[in-house]
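Chemist:
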Amino acid sequence: MSQPTIESILQEDRLFPPTAEFSQLARIKSLEEYQTLYDRAKADPLKFWSELAEQELHWFQHWDTVLDWNNPPFAKWFVNGKINLSYNCLDRHLETRANKPAIVWEGEPGDSKTLTYAELHQEVCKFANVLKSLGVKKGDGVGIYMPMVPEAAIAMLACARIGAPHSVVFGGFSAEALRDRLVNAEVKVVVTADGGWRKDAIVPLKPQVDKALAEGTTVVEKVVVVKRTGQDVSMVSDRDLWWHDLEKDASTDCPAEPMDSEDMLFILYTSGSTGKPKGVVHTTGGYNLYAHITTQWIFDLQENDVYWCTADVGWITGHSYVVYGPLSNGATTVMYEGAPRASNPGCFWDVIEKHKVSVFYTAPTAIRAFIKMGDEHPNSRDLSSLRLLGTVGEPINPEAWMWYKSVIGGDRCPIVDTWWQTETGGIMITPLPGAIATKPGSATLPFPGILADVVDLDGNSVPTNEGGYLAVRHPWPGMMRTVYKDPDRFRKTYWEHIPPKDGNYIYFAGDGARRDADGYFWVMGRVDDVINVAGHRLGTMEVESALVSHPAVAEAAVVGKPDEIKGQDIVAFVTLEGTHQPSEDLAKELKKHVVSEIGAIARPGEIRFADALPKTRSGKIMRRLLRDLAAGVEISGDTSTLEDRSVLEKLRTEGS
Ligand code: PRX
């Protein structure tokens with residue numbers, strides 16, 4: 017092989033086939049059925065996707081061409097088709113599901129609300145008319161900076177209804193981060209709230225909007241404010257308006273605008289490890305189909321399921337798997353405003369018990385936090401309504417997976433470990449729960465129609481069990497279309513690391529991975545985080561998983577630090593479970609444990625105990641900050657996405 021890739025050292029042999037009961041009732045019932053779908057899609061992807069688009073969605077007008085890939089990497093799906101995502105999420109369900117709960121919302125202080133499909137349709141129509149009355153036209157940008165309240169979903173659906181691309185900015189982002197995003201997306205109207213509840217406190221949102229607009233660098237004309245918490249906020253006359261005032265006189269009649277399949281649906285900003293955030297652009301028809309069909313097959317949606325994805329609408333998971341995917345399928349989707357907190361560490365389990373949640377989708381960072389809080393919280397709730405669990409966002413360590421399976425899933429629920437990205441629009445590599453046996457820590461096999469591979473930098477597939485770069489060989493409907501106003505960055509970031517060969521473009525995901533003898537994918541983390549020890553390139557996930565498999569360890573992050581002899585030495589930052597205390601002996605024991613789990617090559621040179629690890633606001637560990645800390649250099653690069661600055665300060669002072 018001409019280029020170095022990544023060595024894989026994790027050994028994991030446990031295999032959990034779906035139970036006969038689960039498979040019998042599942043949408044995709046066996047490995048053979050999956051294989052048939054996969055093979056059919058591989059042999060003729062365009063036929064596969066166009067048949068699904070016809071069967072599963074409502075189109076105002078049929079497309080002329082399934083895929084236009086004449087100008088790669090810029091794809092067009094369902095060319096000249098006319099469609100509306102809000103229509104597919106609402107109107108078409110009214111005949112059969114008018115009284116079915118669409119959104120079941122739970123506020124952190126204990127208030128709750130259910131909106132049926134008929135009610136949600138009305139609310140969306142009203143708000144769509146409000147937006148129109150504020151001068152928002154097809155193609156105009158709308159910013160959404162909201163807590164997890166139903167109005168966030170209503171605003172998104174209203175934008176989709178009138179063809180105004182939305183840009184949802186996570187409510188935890190600062191005024192500066194908000195301003196950058198509003199400027200870049202040329203947002204005309206911002207929808208926000210006075211504040212939201214999180215961890216028993218009010219997160220003020222309106223003051224951040226005021227600050228973001230103060231400099232006058234945005235083109236925002238109006239700000240719509242939802243009254244959520246009731247605290248005092250200042251309202252700028254002629255600019256700021258209350259949602260409830262505007263809604264009073266709004267008509268419930270607002271036909272869905274037939275959108276071109278390739279009209280922009282939304283921009284969502286994602287931060288790379290360096291540089292300013294990228295505005296990931298998704299368009300209408302392909303995204304609708306991809307969010308729809310992945311939700312249906314992967315979460316095995318049945319008519320009576322109560323489905324809960326814990327993601328915030330500020331992330332792609334909130335777009336595809338809280339709002340659009342479930343509603344397009346006519347499902348009941350749960351929205352929860354709050355987060356586990358000292359006053360109620362078991363609040364998630366309360367929501368499951370109260371609403372009889374049957375499908376639960378969350379992130380490894382949350383699972384690791386639950387483990388740390390103790391089993392007594394889930395154990396004291398009735399979780400017997402659950403039948404399927406999911407995870408997304410990071411590689412899940414096998415021990416955390418096993419805990420999730422037994423303590424939350426009662427050893428009864430399959431787990432779908434779903435690999436995907438903001439850029440991919442929907443899930444790409446995942447078990448189909450009735451069909452594919454799972455292995456802890458593996459996202460298993462590609463979704464039908466997704467030609468995923470592990471390759472070297474020349475685009476050649478690497479041999480079984482060798483590490484390489486995760487890549488996709490054929491376009492898919494949910495793929496991002498470009499970086500907003502920066503097509504060059506789109507091309508360079510995703511399509512040029514592995515140069516196209518014979519006109520075949522390969523999508524580079526930026527993750528390291530390996531495939532095992534069964535064809536299962538094991539994602540090893542971001543390639544930017546790879547450590548090079550004595551010429552061996554190691555993914556972070558595998559060393560971290562070895563550490564987490566020790567009973568004292570709650571969470572671990574490993575990074576490389578420059579070393580004269582080995583090139584890099586491994587430094588492990590470790591947080592401990594409950595009663596365990598840091599000590600020299602424990603550090604020694606952990607080093608030994610890693611050696612016995614994976615071998616001497618992965619032995620950490622240094623163990624640093626910490627109370628908490630620096631994370632992004634979506635819960636991902638920021639290894640690049642730890643890398644600077646370990647090397648003892650000034651922290652460089654962007655820290656605006658850091659969730660809690662004090663964590664970094666603490667690590668810095670402890671290390672010195
Ligand atoms: O590194 C992979 C990791 O999260 C990245 C995508 O992050 P984001 O765009 O924020 O989207 C998160 C929700 C899809 C990927 O490049 N990642 C996500 N899911 C997994 C994962 N890594 C391993 N296993 C997963 N299941």
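Using my numbering, the first residue of the sequence shown is number 17, and each one after it goes up by one.
The beta carbon of each residue, even a glycine, is placed where N, CA and C say it ideally should be.
DSSP on G441, reduced to helix/strand/coil?
Modeler: Here G441 sits in coil by DSSP.
Chemist: To the nearest whole angstrom, what separates the beta carbons of K238 and L257, a pair I think is in contact under 8 angstroms?
Modeler: So it is a contact: roughly 6 angstroms between Cβ atoms.
Chemist: Cβ-heavy atom distance between S634 and the ligand PRX below 7 angstroms?
Modeler: Because some heavy atom of the ligand PRX lies under 7 angstroms away, the Cβ of S634 counts as near it: yes.
Chemist: Report the rounded CA-to-CA distance for P33 versus L47, giving the unit in angstroms.
Modeler: If I take the Cα positions, the gap works out to 10 angstroms.
Chemist: Using the beta-carbon count (16 or more within 10 Å), is S18 buried or exposed?
Modeler: With a pLDDT of 43 at S18, under the threshold of 50, the modelled position of that residue is not reliable, and the figure given next carries that caveat. The residue in question, S18, is exposed, as its Cβ has fewer than 16 Cβ neighbours within 10 Å.
Chemist: Taking the Cβ atom as the reference point for each residue, do G541 and G555 lie within a distance shorter than 8 angstroms?
Modeler: For G541 and G555, yes; Cβs fall inside 8 angstroms.
Chemist: For H298, report the span of its beta strand (DSSP E) as first-last.
Modeler: Start and end: 294-299.
Chemist: Which residues count as close to the ligand PRX when the rule is a CB under 7 angstroms from any of its heavy atoms, in chain order?
Modeler: Result (chain order): T286, W331, I332, T333, T407, V408, G409, E410, P411, I412, D433, T434, W435, W436, Q437, T438, E439, A459, A525, G526, D527, V539, G541, R542, S634, K636.
Chemist: Once DSSP output is grouped into helix, strand and coil, what is the label at S686?
Modeler: No information on residue 686 is available, as it lies outside the stretch 17 to 672 that the chain covers here.
Chemist: Taking the alpha carbon of A379 as the point to measure from, which residue in G457, R403, K508 has its own alpha carbon closest?
Modeler: Checking every option, the nearest Cα to that of A379 belongs to G457.
Chemist: For V590 and R624, which I take to be in contact (beta-carbon distance under 8 angstroms), what is that distance rounded to the nearest angstrom?
Modeler: At roughly 7 angstroms, the Cβ-Cβ gap stays under 8 angstroms, so V590 and R624 are in contact.
Chemist: Counting Cβ pairs, one atom from each stretch, are 3 or more of them under 8 angstroms apart for the segment 555-566 and the segment 490-504?
Modeler: These segments do not touch.
Chemist: With which residues is P220 paired in a DSSP beta bridge?
Modeler: G211, per the DSSP bridge assignment.
Chemist: Alpha carbon to alpha carbon, what distance is there between A533 and H552?
Modeler: Straight-line Cα distance between these residues: approximately 22 angstroms.
Chemist: Whose CA, out of G301, G330, Y377, L284, lies closest to the CA of F315?
Modeler: Of G301, G330, Y377, L284, the residue nearest in Cα terms is Y377.
Chemist: Skipping 5 residues on each side, what residues in its chain have a beta carbon closer than 7 angstroms to that of M280?
Modeler: These residues qualify, in order along the chain: P181, V297, T299.
Chemist: Less than 7 angstroms separating the Cβ of L405 from some heavy atom of the ligand MN?
Modeler: This structure lacks the ligand MN; its bound ligands are the ligand PRX.
Chemist: Tell me the DSSP bridge mates of W435?
Modeler: Beta-bridge pairing links W435 to I445.
Chemist: Am I right that S277 and W93 are in contact with their C-beta atoms under 8 angstroms? What's the rounded C-beta distance?
Modeler: Indeed they touch by this definition, with Cβ atoms about 6 angstroms apart.
Chemist: With P598 as the anchor, note down where its beta strand (DSSP E) starts and where it stops.
Modeler: Where P598 is concerned, there is no enclosing beta strand (DSSP E), given that its DSSP letter is neither H nor E.
Chemist: Looking only at its chain, what residues have a beta carbon closer than 6 angstroms to the beta carbon of V184, apart from the 5 residues adjacent to it on each side?
Modeler: The residues are I160, V329, G330.
Chemist: Just the Cα atoms here: how many angstroms apart are G259 and I170?
Modeler: Just to set this straight, residue 259 is Trp in the shown sequence, not Gly. Those two C-alpha atoms are separated by around 12 angstroms.
Chemist: What is the DSSP secondary structure of E273, reduced to helix, strand or coil?
Modeler: If DSSP states are grouped into helix, strand and coil, E273 belongs with coil.
Chemist: Thinking C-beta only, is A118 closer than 8 angstroms to T348?
Modeler: Yes. Within cutoff.
Chemist: Would you tell me roughly how many angstroms separate the C-alpha atoms of V252 and R403, rounded to the nearest one?
Modeler: Straight-line Cα distance between these residues: approximately 49 angstroms.
Chemist: According to the Cβ coordinates, are A382 and S336 closer than 8 angstroms?
Modeler: Contact flag unset, no.
Chemist: Please state whether the Cβ-Cβ distance between P356 and A385 is less than 8 angstroms.
Modeler: Cβ distance < 8 angstroms, so P356 and A385 count as in contact.
Chemist: Roughly how many angstroms separate the alpha carbons of I547 and W538, rounded to a whole number?
Modeler: Those two C-alpha atoms are separated by around 17 angstroms.
Chemist: According to DSSP, which residues form a beta bridge with K130?
Modeler: It is worth fixing the name first, because residue 130 is Thr in this sequence and not Lys. Paired residues: V120.
Chemist: Relative to the alpha-carbon of A228, which residue among G211, V241, L198 has its alpha-carbon at the smallest distance?
Modeler: Here the closest residue by C-alpha is L198.
Chemist: Closest to V235 by CA distance: which of P578, R195, A272, S267 is it?
Modeler: Residue R195 is the option with its Cα nearest to V235.
Chemist: If we count the other Cβ atoms within 10 Å of its Cβ and call it buried at 16 or more, is S672 buried or exposed?
Modeler: Legend: pLDDT at S672 = 46, less than 50; position of this residue unreliable, value from coordinates given subsequently. Exposed is the call here.
Chemist: Just tell me which of D248, E72, S66, T657 has its CA closest to the CA of V95.
Modeler: Looking at the Cα atoms, S66 is the closest of the given residues.
Chemist: Among all the DSSP beta bridges, which residues are the ones paired with G551?
Modeler: DSSP, once it has assigned bridges, lists no residue as partnering G551.
Chemist: Using the beta-carbon count (16 or more within 10 Å), is F76 buried or exposed?
Modeler: So F76 counts as exposed.
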